[in-house]
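Scroll down for the structure; my scribbles are underneath it.
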Amino acid sequence: MANLYWKKDKKIFAATETPFKTEEELEHYLLDTRGILSDIYILNRQVRARAVSGIEIPDMVGVDSEGTIVIIENKNIPVDEKIISQVLNYALWAEANPDSIKNLWLEAEQEGTEPEWDNLQIRIIIVAPEIKQHLAKFISKIGYPIDLLEIKKFNIGKDEFIVLNKIEANVFTAKPVHGKRSYDIAYYAKGHNKESVKKFEQVVNRVESFIHKNGWKLEKKFNQGYIGFKYGFPLVFGIQWLGSRSFGFFFKMPKSKMKKIIVPGLEFRGYIDRWSQVEYKINSPDFDIKKLTPLFLASYKYIRGG
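Just so it is clear: in the sequence shown, position 20 is 582 by the working numbering, and no numbers are missing.
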């Protein structure tokens, strides 16, 4: 059992864990806690799972910025390997009923990358206040990408704290994942202009150096259309492909914190409400990265806090 303490003015206060009363309350915190689902648009929520032809339908279905269908399962109790059959049924339902998900997509008037309805890519997120560590070993053998997220709520007086912990699988025992593609620079080179890929990689290296100099603990993650830098599970900022030759930055932050900065070599593209991010097109990789410091800081502080 983890304990949480808060040090203020040389005094140490012990936080009291206050469990979520219902799965609906947990869902509320999951959606409202900054940045946790910043790359996922929820198509359907707060509809309790129901049986159709003997198969349960998940209560939360979303789509990420690359068109992958995301199934989110919330539990208000500790979970172990018994949950695997349930989420696998959800994935099977999604694969067997693409028209149902497409209807949700159309009702939401969704923009951005449209899912491949004839070949759905599916990922699963399991959220609970406690996840048994050995579950990570089991999911490494399952044919779908699965994220395990522990979320706990603590109180000190009137102050409330949310603690998020991503449970990692043992990558050494992992088997190839069904439908899971491997992304890297070589993958980008197959579908993009070769010279643009070189410039893209140059910018990524400059951003990594900037992160290192600031001492930020961010993880680089390759995706089909972008490289993101994550603080645990939440996405902070990244570099995305805009076409076969063009690419640019995105920075996660609320619209109220949006900063429009003029930087030679960059073109301001605006604020994207759906993904809560500011975007810039990179016209030249030789821009002054220091001038972007306010954007990097605003995005980092928004996700990390502070």
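Just so it is clear, CB atoms sit at the ideal spot from N, CA and C, and this is done for glycine as well.
Fair warning: this is a prediction, and the values are worked out from it, not measured in the lab.
Using alpha carbons as the reference points, say which of N727, P796, K703 and L593 lies closest to E643.
Considering only alpha carbons, the answer is K703.
Pop quiz: L797 and K814 are said to be a contact at Cβ under 8 Å. What is the actual Cβ separation, rounded to whole angstroms?
The beta-carbon separation of L797 and K814, rounded to 6 Å, stays under the 8 Å limit for a contact.
Note down, in chain order, each residue of its chain lying with its Cβ closer than 8 Å to the Cβ of V825, except the 5 sequence neighbours on either side.
Y842, F849, D850, K853 and L854.
Whole-Å CB distance - K715 paired with T580, under 8 Å assumed
Between T580 and K715 the Cβ distance is about 5 Å, and since that is below 8 Å, they are a contact.
Identified DSSP bridge partners for M541
Nothing about residue 541 can be read from this structure; the chain reaches only from 563 to 868.
Measuring straight from C-alpha to C-alpha, what distance separates K817 and L599?
Answer to the nearest angstrom: the Cα atoms are 16 Å apart.
In this structure, how does DSSP classify I823 when only helix, strand and coil are distinguished?
If DSSP states are grouped into helix, strand and coil, I823 belongs with coil.
Hey, W655 and L605 are a contact pair by Cβ (cut 8 Å); roughly how many whole angstroms apart?
Going by Cβ atoms, the distance from W655 to L605 rounds to 14 Å, so no, they are not a contact pair.
In whole angstroms, what is the alpha-carbon distance linking I789 and D571?
The alpha-carbon of I789 is positioned some 40 Å away from that of D571.
Have a look at R831, D601 and A670 and flag the residue whose alpha-carbon is nearest the alpha-carbon of E628.
Checking every option, the nearest Cα to that of E628 belongs to D601.
State the DSSP-derived secondary structure class of A613, mapped to helix, strand or coil.
Its pLDDT being 48, under 50, A613 is placed unreliably by the model, and the measurement read from it follows with that caveat. Here A613 sits in strand by DSSP.
Measure the CB-CB distance between K728 and F795 and report whether it falls below 7 Å.
Going by C-beta atoms, K728 is nearer than 7 Å to F795.
With DSSP run on the structure shown, which of helix, strand or coil describes N665?
Of the three classes helix, strand and coil, the one that applies to N665 here is helix, per DSSP.
Can you tell me which of N638, Q764, R807 and A670 puts its alpha carbon nearest to the alpha carbon of G753?
Looking at the Cα atoms, R807 is the closest of the given residues.
Could you give the C-beta distance for F634 and I701, rounded to a whole number, given that I count them as a contact under 8 Å?
The question names Phe, but residue 634 in the sequence shown is Ile. Incorrect: roughly 15 Å between the Cβ atoms, too far for contact.
Answer with buried or exposed for P620, where buried requires no fewer than 16 other C-beta atoms within 10 angstroms of its C-beta.
Residue burial is scored here from C-beta neighbours: P620 has at least 16 other C-beta atoms within 10 angstroms and is therefore classed as buried.
May I ask you to report which of helix, strand or coil DSSP gives Q608?
Confidence in Q608 is poor, its pLDDT being 49 and thus under 50, which makes the residue's placement unreliable; the coordinate value appears in the next sentence. Here DSSP, grouped into helix, strand and coil, assigns Q608 to coil.
Can you find a CB in chain B that lies within less than 7 Å of the CB of I693?
This model lacks chain B altogether; it includes just one protein chain.
Quick one: what's got a C-beta closer than 6 Å to K637's C-beta in the same chain, skipping five residues either side?
A690.
Using three-state DSSP, classify I688 as helix, strand or coil.
I688: strand per DSSP, three-state reduction.
For the alpha helix (DSSP H) that I801 lies in, which residues bound it at each end?
From DSSP, I801 is part of no alpha helix (DSSP H) but of the beta strand (DSSP E) over L797 to W803.
Let me know if G777 comes out buried or exposed under the rule of 16 or more other beta-carbons within 10 Å of its beta-carbon.
Looking at its Cβ environment, which holds fewer than 16 other Cβ atoms inside 10 Å, G777 is exposed.
Kindly identify the DSSP beta-bridge partner or partners of F791.
Partner(s): K782 and F799.
7 Å Cβ cutoff met for A653 and I684:
Less than 7 Å separates the beta-carbon of A653 from that of I684.
Using DSSP with H/G/I as helix, E/B as strand and the rest coil, what is Q648?
The three-state secondary structure of Q648, taken from DSSP, is helix.
Short check: CB of I713 to CB of L726, under 7 Å?
Taking the C-beta atoms as reference points, L726 is found nearer than 7 Å to I713.
To the nearest angstrom, how far is the alpha carbon of I834 from that of F812?
Between I834 and F812, the C-alpha separation is close to 9 Å.
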